[in-house]
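Residues in the sequence shown are numbered consecutively from 12, following my numbering. We treat Cβ as the ideally placed atom computed from N, Cα and C, and that holds for glycine. Let me begin by presenting the structure, written as structure tokens, before commenting on it.
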Amino acid sequence: MDELNEQQQQRIKKLDVLREAGVAPYGTRFEVKDRAGQLIKLHSEKTKEVLEEEKISCTFAGRIVALRRFGKAGFAVLQDGSDRLQIYLKKDHLSEQAYQVAEQLDLGDWIGVTGTLF
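In structure tokens:
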């Protein structure tokens with residue numbers, strides 16, 4: 012068997028970290044309630060104040076196409092079949108397990124998220 016390259020070794024290490032944290036690395040069933048394109052169409056014209064007042068909850072899934080980390084926070088752009096949405100991940104707003112998962116995310120990963128639009 013050929014030796015694993017560096018990227019493959021990193022992926023296996025991340026799988027081990029997720030398993031040790033009690034996370035199923037290949038996920039479980041996730042019910043998508045919203046699509047990125049639908050959310051953009053319905054809410055993109057709303058101001059920050061209106062979004063804060065309405066507290067619009069959404070649940071969608073997509074592939075990570077951009078990822079930026081800044082200490083205990085980060086941004087990811089998820090793409091589903093309809094469009095792209097940026098999500099904000101902040102340690103203070105995530106469970107410990109969700110934060111551990113967020114630390115292991117890579118470009119190309121598929122994730123499901125639930126949150127509030129802002």
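query = Taking 8 Å as the CB-CB limit, is VAL88 close to chain B?
reply = Checking the listed chains, one finds no chain B in this structure; it contains a single protein chain.
task = Throw me the rounded Cβ distance for the GLU89 and ILE122 pair, which I believe falls under 8 Å.
result = Start at 1 with the first residue of the sequence shown, and residue 89 comes out as number 78. Start at 1 with the first residue of the sequence shown, and residue 122 comes out as number 111. This sequence places Leu at residue 89; Glu is not what is there. With 8 Å as the limit, LEU89 and ILE122 qualify as a contact, their Cβ atoms being about 7 Å apart.
Cutoff 6 Å; reference ILE51; Cβ partners in own chain excluding five residues on either side = The residue given as residue 51 occupies position 40 in the sequence shown. Closer than 6 Å at Cβ, skipping near neighbours: ASP94.
request  = Output the distance between the C-alpha atoms of GLN115 and ALA47, rounded to the nearest integer angstrom.
outcome  = The residue you call residue 115 lines up with position 104 of the sequence shown. The residue you call residue 47 lines up with position 36 of the sequence shown. Taking the straight line joining both Cα atoms gives about 23 Å.
key: Among LYS25, HIS54, GLN19, ASP120, the one whose alpha carbon lies nearest that of GLU2   = Not covered by the structure: residue 2. The range shown for the chain is 12 to 129.
inquiry  = Just verifying my parser: in three-state terms, what is the DSSP assignment at GLY82?
reply    = Walking along the sequence shown from the start, residue 82 turns up at place 71. Note: GLY82 maps to coil in three-state DSSP.
Opposing strand residues paired with TYR99 [DSSP bridges] = Taking the first residue of the sequence shown as position 1, residue 99 is located at position 88. DSSP output for TYR99 lists PHE86 as bridge partner(s).
task = Could you check the C-alpha separation between LYS83 and VAL112 for me, to the nearest Å?
result = The residue you call residue 83 lines up with position 72 of the sequence shown. The residue you call residue 112 lines up with position 101 of the sequence shown. The alpha-carbon atoms of LYS83 and VAL112 are separated by roughly 13 Å.
ask   = So is the beta-carbon of GLY82 under 7 Å away from any non-hydrogen atom of the ligand SAM?
value = Ligands displayed in this structure: none; no statement on the ligand SAM is therefore possible.
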